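Heads up, the final residue of the sequence shown is numbered 230 in my numbering, and it's a clean run with no missing numbers.
Cβ atoms here follow ideal geometry from the backbone N, Cα and C, with glycine treated the same way.
None of the values given here were measured: they were computed from a predicted structure.
Structure record follows, encoded as structure tokens.
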Amino acid sequence: RHFTVRDYGNRVGVFRILEALDAADVKATFAVNSEIARHYPPLLEAILSAGHEIAAHGKSTDHIHHEGLTAEEETGLIESTFTHMPRGTRGWLSPARNQSSKTLEHLAQCDVDYCLDWEMDQVPVTATTKNGTVTLIPNSYELSDFTLLHTRRQSEEAWLSQMKASIDLLLEEHVRFGAQMLNLTLTPYVIGQPFRIWALRGLLAHIKDTAHVSVFTAGDIASQFTKQK
Numbered sequence: 002r003h004f005t006v007r008d009y010g011n012r013v014g015v016f017r018i019l020e021a022l023d024a025a026d027v028k029a030t031f032a033v034n035s036e037i038a039r040h041y042p043p044l045l046e047a048i049l050s051a052g053h054e055i056a057a058h059g060k061s062t063d064h065i066h067h068e069g070l071t072a073e074e075e076t077g078l079i080e081s082t083f084t085h086m087p088r089g090t091r092g093w094l095s096p097a098r099n100q101s102s103k104t105l106e107h108l109a110q111c112d113v114d115y116c117l118d119w120e121m122d123q124v125p126v127t128a129t130t131k132n133g134t135v136t137l138i139p140n141s142y143e144l145s146d147f148t149l150l151h152t153r154r155q156s157e158e159a160w161l162s163q164m165k166a167s168i169d170l171l172l173e174e175h176v177r178f179g180a181q182m183l184n185l186t187l188t189p190y191v192i193g194q195p196f197r198i199w200a201l202r203g204l205l206a207h208i209k210d211t212a213h214v215s216v217f218t219a220g221d222i223a224s225q226f227t228k229q230k
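Next up, the structure:
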């Protein structure tokens, strides 16, 4: 039961998201684990052919990064994940957003440019490791569809209202603090449901109609941040 609920996102929900993004002329970053990449190559083709970006999402949610892994085991998980990713994949989102104390070191060793695990300030920061640097792109998990619609059982109207309010406040604050970012985290089997997709379309329309708000992929944000340092 749980597998088919989630697999609905890979087979149906994600294509509703792709259609909504295309209608809004928005490019996004899709976190894809290596099991999905192996079993659903047409899905990766659909994402890439639409001009979107893919970030590696580990092997699967059954392979969590944690302190009990040896360096060889964790590096092996990362390297094996990237063997199934499209050439040029630069980003990483850990399964369950869980890391060991050495994950960032191993990511830098594997030439990963940016990581999407951390919930933090609404601007990117640089993590410096002995193997190089990794740009940390803040993850707005508190506003994700999974947190608000699935876990907290809020209505689609409430989620849309909270997202709009967050965007509007950050826009007000930019006068004092400069540009800030809001990571729109979507889960295909959640927001891709037929009774929910309207809320995403409404949010994308709000973004499009709001001056001084732009949408970028995580890779674009990491590149711009690196250039400005």
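Range covered by the beta strand (DSSP E) that runs through residue i
i           : result
residue 152 : Looking at the DSSP string, residue 152 is not in any beta strand (DSSP E), and its letter there is neither H nor E.
residue 143 : No beta strand (DSSP E) holds residue 143; DSSP gives it neither H nor E.
residue 33  : 30-33
In DSSP terms, what residue i is bridged to
i           : result
residue 137 : 116, 126
residue 93  : 57, 116
Closest residue to residue i among the options (Cα-Cα distance)
i           : options           : result
residue 95  : 89, 105, 88       : 105
residue 192 : 4, 21, 5          : 21
residue 50  : 60, 87, 210, 66   : 87
residue 167 : 211, 127, 114     : 211
residue 28  : 13, 209, 127, 227 : 209
residue 44  : 14, 130, 68       : 14
residue 16  : 221, 227, 187     : 187
residue 206 : 135, 58, 162      : 162
residue 58  : 118, 42, 68, 72   : 118
residue 122 : 171, 63, 89, 64   : 171
residue 139 : 69, 226, 158      : 226
Under 8 Å between C-beta atoms of residue i and residue j
i           : j           : result
residue 56  : residue 93  : yes
residue 137 : residue 125 : yes
residue 11  : residue 189 : yes
residue 47  : residue 19  : yes
residue 184 : residue 141 : yes
residue 164 : residue 204 : yes
residue 98  : residue 114 : no
residue 111 : residue 135 : no
residue 220 : residue 54  : yes
residue 75  : residue 66  : yes
residue 146 : residue 160 : yes
Residue span of the alpha helix (DSSP H) that contains residue i, given as start and end
i           : result
residue 164 : 157-178
residue 63  : Careful: residue 63 lies outside any alpha helix (DSSP H) and carries neither H nor E.
residue 26  : Residue 26 -> no alpha helix (DSSP H), and no H or E assigned at all.
residue 83  : 72-83
residue 43  : 42-50
residue 217 : Taken as a continuous stretch (DSSP letters only), residue 217 belongs to no alpha helix (DSSP H), as it is neither H nor E.
residue 193 : Segment: none, residue 193 is in no alpha helix (DSSP H) and carries neither H nor E.
residue 6   : 3-9
residue 109 : 104-110
8 Å Cβ cutoff, residue i in contact with chain B
i           : result
residue 115 : The structure shown has no chain B; it contains just one protein chain.
Counting Cβ pairs closer than 8 Å, one from the stretch 195-209 and one from the stretch 148-158, do we hit at least three? yes
Evaluate the contact criterion for the stretch 33-48 versus the stretch 206-225: three or more CB pairs, one atom per stretch, below 8 Å. no
Measuring CB atoms only, is the stretch 72-90 touching the stretch 26-35, in the sense that at least three cross pairs come out at less than 8 Å? Output reads yes: the stretch 26-35 touches the stretch 72-90.
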